[in-house]
Amino acid sequence: AFLARAAARRLLARLGPSGSTAIAENVRLAAESEGLLVPIPDGLGESETTRQEDLRRLVSLAVEFDDGVRTISDFVGDLRARFVDGDGRGVNLLTLHRAKGLEFDAVFLPRLEDRELPCRQAKSAQAVDEERRLFYVGITRARRHLLVTWAGKPSPFLAELGIAPRPRAQHPVVDTGSPAFVALKAWRLERARKDGIPAFVVFHDSTLAELAERRPRTPGELAGVRGVGPGKLERYGADVLGVLAGSA
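Be aware that the sequence shown starts at 528, since it is given in our numbering, and climbs by one per residue.
Right, dumping it as structure tokens:
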């Protein structure tokens with residue numbers, strides 16, 4: 528746990544109970560007393576690198592928490608509330624503001640919709656930029672897995688990243704005579720025989736039809752085709768792009 532590691536444990540002991548509102552300054556001085564290095568040099572070893580990163584994280588959290596009103600004791604209490612140890616099965620429900628400085632293996636961001644993010648009150652370019660920064664905070668909290676959802680019109684910030692939904696043909700017409708479809712079907716049969724599975728397990732005909740119609744040229748475009756999930760993208764992506772390029 529973060530607060531149980533050496534850097535946090537020793538730094539919080541240095542701070543002690545205090546009514547001072549100079550949170551950022553006191554935490555920075557305490558971190559420097561603990562040997563904070565800026566920048567962190569290479570070759571320190573895993574243990575010391577982790578300690579240095581923890582010190583930097585504490586300084587960053589202090590800067591974000593420091594509003595000139597709350598005290599060091601408030602800061603310490605907030606840290607303990609945010610980093611409470613559990614059994615590993617809990618879920619942290621946080622606002623984007625409260626998530627600053629934290630990281631999780633998996634992050635779920637629901638309702639990323641227009642007029643929600645940016646919020647409807649964000650009228651000026653400056654306000655929208657601040658909402659964009661909050662969006663960045665949210666998506667960068669994830670170490671390994673990030674899931675975003677929307678039910679209505681997706682947030683324009685998603686489109687800026689190229690991950691908003693693309694228009695899709697609901698019922699693509701299967702042109703069984705097109706060179707691309709014929710080539711894809713031949714490749715699918717060969718791959719299915721090689722893997723010892725039915726051909727439809729590789730890709731359904733409707734997916735082949737959409738591939739032949741849309742002719743994706745990059746992994747990102749390929750991922751936007753219905754029926755091409757992460758697993759199939761990894762297993763078959765390079766082959767499919769090669770077949771489509773060769774059937775032009």
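All C-beta atoms, glycine included, are put in the ideal place defined by N, C-alpha and C.
Here the structure is a predicted model, which is why all the values come from computation and not from measurement.
D601: which of G747, L711, L539 and E737 sits nearest, CA to CA?
Out of G747, L711, L539 and E737, L539 has the C-alpha closest to the C-alpha of D601.
So H672 packs on A633, CB below 8 Å; how close in whole Å?
Their Cβ separation, rounded to whole angstroms, is 4 Å, which keeps H672 and A633 in contact under 8 Å.
Enumerated in chain order, which unbroken segments of the alpha helix (DSSP H) with a length of 4 residues or greater are wholly contained in the region 665 to 691?
If we require 4 residues or more, the alpha helix (DSSP H) runs fully inside the region 665 to 691 come out as 683 to 687.
In three-state terms, what does DSSP make of E640?
In this structure, E640 counts as strand in the three-state DSSP scheme.
Counting only the same chain and skipping the five closest in sequence on each side, list residues whose C-beta sits under 8 Å from that of A696.
Caution is warranted here: a pLDDT of 48 is assigned to A696, below 50, making its placement in the model unreliable, and no coordinate value can be reported.
At which residues does the alpha helix (DSSP H) containing L538 begin and terminate?
L538 -> alpha helix (DSSP H) spans A533 to L542.
Would you kindly report the start and end of the unbroken alpha helix (DSSP H) that includes A750?
Run containing A750: P746 to A750, per the alpha helix (DSSP H) assignment.
Looking only at its chain, what residues have a beta carbon closer than 8 Å to the beta carbon of G665, apart from the 5 residues adjacent to it on each side?
Cβ neighbours of G665 beyond the five flanking positions: L623, A626, V634 and L636.
Applying the criterion that 16 or more other CB atoms from any shown protein chain within 10 Å of the CB defines a buried residue, is D722 buried or exposed?
Exposed, since its Cβ has fewer than 16 Cβ neighbours within 10 Å.
Please report how far the alpha carbon of R715 lies from the alpha carbon of G769, in whole angstroms.
Roughly 13 Å separates the two Cα atoms.
For L563 versus L582, is the C-beta distance shorter than 7 Å?
Closer than 7 Å, so yes.
Across the region 546 to 557 and the region 571 to 578, are there enough close Cβ pairs to call them in contact, namely three or more that are closer than 8 Å?
Counting Cβ pairs under 8 Å, fewer than three are found: no touch.
Starting from the C-beta of G595, find all residues in its chain whose C-beta is less than 7 Å away, skip the five residues before and the five after it, and write them out in chain order.
Excluding residues within five positions, the ones whose Cβ falls inside 7 Å are T548.
To the nearest angstrom, how far is it from the Cα of E761 to the Cα of L749?
Roughly 11 Å between the two C-alpha positions.
With H, G and I counted as helix, E and B as strand and the rest as coil, what does DSSP make of V565?
V565: coil per DSSP, three-state reduction.
For F708, is the classification buried or exposed, using 16 other Cβ atoms within 10 angstroms of its Cβ as the cut-off for buried?
The residue in question, F708, is buried, as its Cβ has 16 or more Cβ neighbours within 10 Å.
Identify the continuous alpha helix (DSSP H) that holds V755 and give its terminal residues.
Counting along the chain, V755 falls outside any alpha helix (DSSP H), and DSSP gives it neither H nor E.
Would you tell me roughly how many angstroms separate the C-alpha atoms of S679 and V729, rounded to the nearest one?
Reading off the sequence, residue 679 comes out as Gly, not Ser. Their backbone Cα atoms lie some 32 Å apart in a straight line.
Please say whether E717 and S682 have beta carbons closer to each other than 7 Å?
No, they are not a contact pair.
Buried or exposed, going by whether 16 or more other CB atoms sit within 10 Å of the CB of V675?
When all chains shown are included, V675 counts as buried.
Which residue marks the beginning of the alpha helix (DSSP H) containing N553, and which one marks its end?
Taken as a continuous stretch (DSSP letters only), the alpha helix (DSSP H) holding N553 covers I550 to S560.
Just verifying my parser: in three-state terms, what is the DSSP assignment at A696?
Residue confidence is low: A696 scores 48 on pLDDT, short of 50, so the model does not pin down where it sits. Its coordinate-derived value is still stated next. Here A696 sits in coil by DSSP.
What residue from P568, L556 and L571 has the CA that sits closest to L585's CA?
For the residues P568, L556 and L571, the minimum Cα distance to L585 belongs to L556.
Give the DSSP-derived three-state secondary structure of V634 in the structure shown.
Three-state result, V634: strand.
Quick one: give me the first and last residue of the alpha helix (DSSP H) that D732 is part of.
Segment D732 to R741, the alpha helix (DSSP H) holding D732.
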